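These notes are about the structure you will find just below.
There are 2 protein chains.
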Amino acid sequence: MNTIDKIQKNLANFSKSERKVAEVILAEPQIAIQSSIATLAKMADVSEPTVNRFCRRLDTKGFPDFKLHLAQSLANGTPYVSRHVEASDSPESYTGKIFESSMAALDSAKQSIDPQLVNRAVDLLTQAKQIHFFGLGASAAVAHDAQNKFFRFNVPVICFDDPLMMRMSCINAGEGTVMVLISHTGRTKALVEIAALARQNDAHVIAITTKDSPLARESSIALTMDVPEDTDLYMPMASRLAQMVAIDVLATGFTLRRGARFRDNLKRVKEALRESRYEKVSL
Amino acid sequence: MNTIDKIQKNLANFSKSERKVAEVILAEPQIAIQSSIATLAKMADVSEPTVNRFCRRLDTKGFPDFKLHLAQSLANGTPYVSRHVEASDSPESYTGKIFESSMAALDSAKQSIDPQLVNRAVDLLTQAKQIHFFGLGASAAVAHDAQNKFFRFNVPVICFDDPLMMRMSCINAGEGTVMVLISHTGRTKALVEIAALARQNDAHVIAITTKDSPLARESSIALTMDVPEDTDLYMPMASRLAQMVAIDVLATGFTLRRGARFRDNLKRVKEALRESRYEKVSL
DNA sequence: CATTTAAATGTAGTTTAATTACATCGGTGG
DNA sequence: CCACCGATGTAATTAAACTACATTTAAATG
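Chains as they are written, first to last, in our numbering: chain A, -7 to 275; chain B, -7 to 275.
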């Protein structure tokens, strides 16, 4: 947990002198991490051991260890007290906040994704005769992106954002088909039904969704991530960013599994785009 | 600059013993920040002053100061020495790296985006009678996503990923039309031509692209971001993540500008989705 | 190839910072 | 009003980091 937040939260529990220390640190954390225990004690107008006790109260080994933790939490961001956009925010402010919260969401996704499941999903994908990506609403864009990525691998790949088309493609699916269903909530009825239908037709179903959701239960492999829900109105749907990165991870695993010769092929796909572009003039 | 990167970059400049220190730190940075100078010296099999000299060479005041810098750069990410995926990477490793590099890309985009231009773009968007989003290839998914977002605002919005359709819509565009063109390189010929065509028809053109690109020059407002290029093969195209977040920023600015009554409307759009979902059972 | 010189590294001593043990102050309940 | 406990400070101790200097190693020149 973030040290600054922790100090803030414990303000009430501190003793009088410890609170003085806390306030000095909160006021100028950057100064604090560069100070010795003596300097900081003087700034807070307390004794050195009080500063030391303060550090211990925050579950650190001592003053140097505390500085380390503080330094990390400063680097980690929270340059904005809150990452939530307020109606009064300036363009500078909301721009920063949105990037911040997007990064925080990716971090949270990273912490919660299971690389072992990634690995098993890659297993399925590399053996697939055809791959289908399905997504509705905001996740449709992710499915499109996935198609664009996997298409380069020279695998039969298709993407649908229409439940009827999805149903139809399930009927024709078989052993060799891998369906990747993308849904943040994992509660979209249409998609959950399609997962079931696909499995009845012996297709493998990989879900990119939330833990313990109906969709996760209907899938062969549920690649789940914890992404903070978009509780307030302004907050963009960070989930689709995490989903895209998850697709990147699968694509990377796929590439790695396929070996060196396959990668030459990829390079050629990239080069094929060159003609459609204006030359970059080197200075 | 990130301390870990700095060490990596200077590896060649170090002396033999200093390199030993560098290697120990790079191998286990988390251990390093918790060690005393004596412990670290023993781990690297060098003397204490050597460690100290190593710290100074990296422009720090001494060992404690160095640890502080290192701690910050660890918090900032780069738990992996390199963010580049290697052929030998395990699932844990490449999963982590891809999330890391995505976050790093967003950070870089955040640093380089100009909030004043965001503000001007929002000006245009709020006054638009209709909004068109154009993107080709990987950026097509971003355009779709943008459509999905702005559609909720009850503005006439459309998205094309087909150059012919784009051209046609330019002809019918006029004063009140805002075109948002999305292209990482800003060198895709088809898209640059469309920017010019749109402007000839008095439409406003907002480009989400790279600085100093042909597309940026053809636009009314060029919202540019520095995103590390996908130099190596495994690296996913982080640019589309940055583009999506940029769209989020514009959408947020749009919402804020429209005021409170408009936001009620948004809430209703969200609620309209509820029926299509399975209820969340609270435990 | 020997010799000189400079750079690199280590050793031991010094200084500074952090911690501990203990004393004192201040408030609270009996 | 006093006894006790928690909070705080003082002074001594310990540990860490740094400096000055000695030694080694490598490079360069005659």
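The beta carbon of each residue, even a glycine, is placed where N, CA and C say it ideally should be.
Here the structure is a predicted model, which means the values were calculated and not measured.
When DSSP states are grouped into helix, strand and coil, B/F125 belongs to the strand group.
Here B/P155 is not near B/V184, since their CB atoms are 8 Å or more apart. Excluding sequence positions up to five before and after B/A214, its CB lies within less than 7 Å of the CB of A199, T201, A208, all in the same chain and listed in chain order. One finds V77, A79, D81, Y86, Y226 in chain B with Cβ atoms closer than 8 Å to the Cβ of A/L248, taken in chain order.
Secondary-structure assignment with DSSP links B/M171 through a beta bridge to B/H124, B/V197.
Annotated three-state conformation of A/V147 is coil, per DSSP. In the structure shown, A/F152 falls within a strand segment according to DSSP collapsed to helix, strand and coil.
Counting only the Cα atoms, B/I90 lies some 6 Å from A/V241. Taking 8 Å as the cut-off, the beta carbon of A/I186 is found no closer than this to the beta carbon of A/M157.
When rounded, the separation of the alpha-carbon atoms in A/Q119 and A/P148 is 12 Å. Interface with chain B (8 Å Cβ-Cβ cutoff): A/Q22 is excluded. Distances from the alpha-carbon of A/H124 to those of A/L32, A/A190, A/L109, A/D204 put A/A190 closest.
Here the alpha carbon of A/N(-6) sits roughly 33 Å from the alpha carbon of A/A243. Only I105, P107, Q108, V110, N111, V114, G129, A130, A132, A133 from the stretch 103 to 133 of chain A bring a Cβ to less than 8 Å from some Cβ of chain B.
In the same chain as B/K(-2), and ignoring 5 residues on each side of it, the C-beta atoms closer than 7 Å to its own belong to L50, in chain order. Note on B/P41: under 16 other CB atoms within 10 angstroms of its CB, so exposed under the neighbour-count rule. Just so you know, the alpha carbons of B/V13 and B/S65 end up roughly 17 Å apart. Along the stretch 171 to 188 of chain A, going in chain order, the ones with a CB nearer than 8 Å to a CB of chain B are T177, R179, T180, K181, A182, V184. Pairing B/A195 with B/M160 gives a Cβ-Cβ distance that is not under 8 Å.
Using a Cβ-Cβ cut-off of 9 Å, B/M157 is close to nothing in chain A; its nearest Cβ partner there is about 16 Å away. According to the DSSP secondary-structure assignment, A/T216 is paired through a beta bridge with A/T201. Close CB contacts of A/A24 within its chain, under the 8 Å cut and outside five residues either way in sequence, are with V16, I17, L32, K59, L62 (chain order). Annotation: the continuous alpha helix (DSSP H) that includes A/H61 extends over 55 to 67. A residue is called buried once 16 or more other Cβ atoms fall within 10 Å of its Cβ, and A/L233 is buried on that count. Neighbours of B/D204 in chain A, taken as residues whose beta carbon is under 9 Å from its own, are absent, since the nearest beta carbon is some 10 Å off. Within the model, the alpha-carbon separation for B/R45 versus A/A97 is close to 39 Å. By the CB criterion at 8 Å, A/A133 and B/A133 fall inside the cutoff.
Among the residues facing chain B, A/P220 is not included, as its CB has no counterpart in that chain under 8 Å away. The C-alpha of A/F6 lies about 46 Å from the C-alpha of A/A130. Between B/L173 and B/D153 the beta-carbon gap is near 12 Å, outside 8 Å, which marks them as no contact. Close CB contacts of B/C151 within its chain, under the 6 Å cut and outside five residues either way in sequence, are with F125, A135, H136, Q139 (chain order). B/R232 reaches chain A at D137, M236, counting residues in chain order whose Cβ is nearer than 8 Å. In chain order, S231 place their CB closer than 6 Å to the CB of B/H176, counting only its own chain and leaving out the 5 sequence neighbours on each side. With the criterion set as a beta carbon lying under 7 Å from some beta carbon of chain A, the members of the stretch 3 to 30 of chain B are I25, in sequence order. Exclusion of the five residues before and after B/N193 leaves C162, I163, A165, G166 as the residues of its chain whose Cβ lies within less than 7 Å of its Cβ.
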